[in-house]
Amino acid sequence: EYGPGLPAMYRRRTLVSPDDIAAMLPVQIGSGVNLFGYYMFHGGRNPVGAGGTGLEESTLSGGYNDTPRISYDFQAPLGPDGQQRSVLTKLRPFHYFLREHGPRLATMTVRAPERLPATHADLQTPRWSVRAAGDSGFLFCNNHVRQYPMPAHNGVRFEVQLPGGSVTLPSTPVDIPSGAYFIWPLNLDLDGIALRYATAQPVTRVDAGAQGLVHVFAATAGIPAEFALPDGV
Numbered sequence: 008e009y010g011p012g013l014p015a016m017y018r019r020r021t022l023v024s025p026d027d028i029a030a031m032l033p034v035q036i037g038s039g040v041n042l043f044g045y046y047m048f049h050g051g052r053n054p055v056g057a058g059g060t061g062l063e064e065s066t067l068s069g070g071y072n073d074t075p076r077i078s079y080d081f082q083a084p085l086g087p088d089g090q091q092r093s094v095l096t097k098l099r100p101f102h103y104f105l106r107e108h109g110p111r112l113a114t115m116t117v118r119a120p121e122r123l124p125a126t127h128a129d130l131q132t133p134r135w136s137v138r139a140a141g142d143s144g145f146l147f148c149n150n151h152v153r154q155y156p157m158p159a160h161n162g163v164r165f166e167v168q169l170p171g172g173s174v175t176l177p178s179t180p181v182d183i184p185s186g187a188y189f190i191w192p193l194n195l196d197l198d199g200i201a202l203r204y205a206t207a208q209p210v211t212r213v214d215a216g217a218q219g220l221v222h223v224f225a226a227t228a229g230i231p232a233e234f235a236l237p238d239g240v
């Protein structure tokens, strides 16, 4: 259960940016989460209790936080009246990804890199992982940490050891910008076409009728999109 927003309370009124929220999706999914859910995705309002009393959490009622009496907005992607917040735009590509690729992702186990951040305070070591089953998988990377400026990682190539051999991507080193976060595919079957890897995030698959099946990818800002396809494709 993941909070795509935070509640306001009288002792703490935290504001979060869309990237603060969305950057945690590749972190959690890349760490092995399968049953992913939100609290709260749609904000609301507390009803007024009998006699005009409030039903909100408060220290007077034995709770830890003093929260607003009526508002249960939570800075959620959807506001109490269905308002679409900007964070929804950041989350939607991951939702499409999970809907399309979730069944195969659920069978994949996590593989951590040889070098991991020494502690949570280590902001210099690249943060990435792989989930794979057999020779197919996804690479997850996050270079955004709330309230901490992250360094760009220059001249990066990933090498992933799979049962059928290693996959090195991209073909030439790239710079991973500060604040970037993404999912890249490894040996992804595109309805009979073998995609060795891509430096773009798979989003969804669309049946375009007479035009056939269309696989949609999203470029990672600041990184050239490269698709390693068989010769002649």
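Going from the sequence shown to my numbering is simple: count from 1 and add 7.
For every residue, glycine included, the Cβ atom is placed at its ideal position computed from N, Cα and C.
Model, not experiment: these values are computed from the prediction.
- prompt: Helix, strand or coil: which one does DSSP assign to T175?
  reply: Three-state DSSP puts T175 in a strand.
message: I need the boundaries of the beta strand (DSSP E) containing E166, first residue and last residue.
response: H160 to L169
query: Among residues of its own chain, excluding the 5 on either side of P54, which ones have a beta-carbon nearer than 8 Å to its beta-carbon?
result: L62
message: Looking at the ligand PLP, does it come within less than 6 Å of N161, judged from the CB to the closest heavy atom?
response: Ligands displayed in this structure: none; no statement on the ligand PLP is therefore possible.
field: Boundaries of the beta strand (DSSP E) in which T211 is found, first to last residue
entry: That run of the beta strand (DSSP E) goes A207 to D214.
- prompt: For F142, which residues of its own chain have a beta-carbon under 7 Å away from its beta-carbon, when the five flanking residues on both sides are left out?
  reply: Note that residue 142 is Asp in the sequence shown here, rather than Phe. Only L169, P170, G171 and N194 meet the Cβ criterion.
field: Continuous alpha helix (DSSP H) stretch holding Y103: start and end
entry: Bounds of the alpha helix (DSSP H) holding Y103 are V94 to L112.
query: For the putative contact between T21 and L32, defined by C-beta atoms under 8 Å, what is the C-beta separation to the nearest angstrom?
result: In fact, because the Cβ distance is near 19 Å, the residues do not count as touching under 8 Å.
field: Inter-stretch contact (C-beta, 8 Å, three-pair minimum) for the stretch 112-126 and the stretch 22-30
entry: no
query: For P11, is the classification buried or exposed, using 16 other Cβ atoms within 10 angstroms of its Cβ as the cut-off for buried?
result: buried
- request: Please name the residue, chosen from L112, P158 and H160, that lies closest to R138 on a Cα-to-Cα basis.
  value: L112
task: Look up L195 in the DSSP assignment and give the residues it is bridged to.
output: Listed as beta-bridge partners of L195 by DSSP are L202.
- request: Measure from the alpha carbon of A29 to the alpha carbon of each residue in F101, D80 and R106, then state which is nearest.
  value: F101
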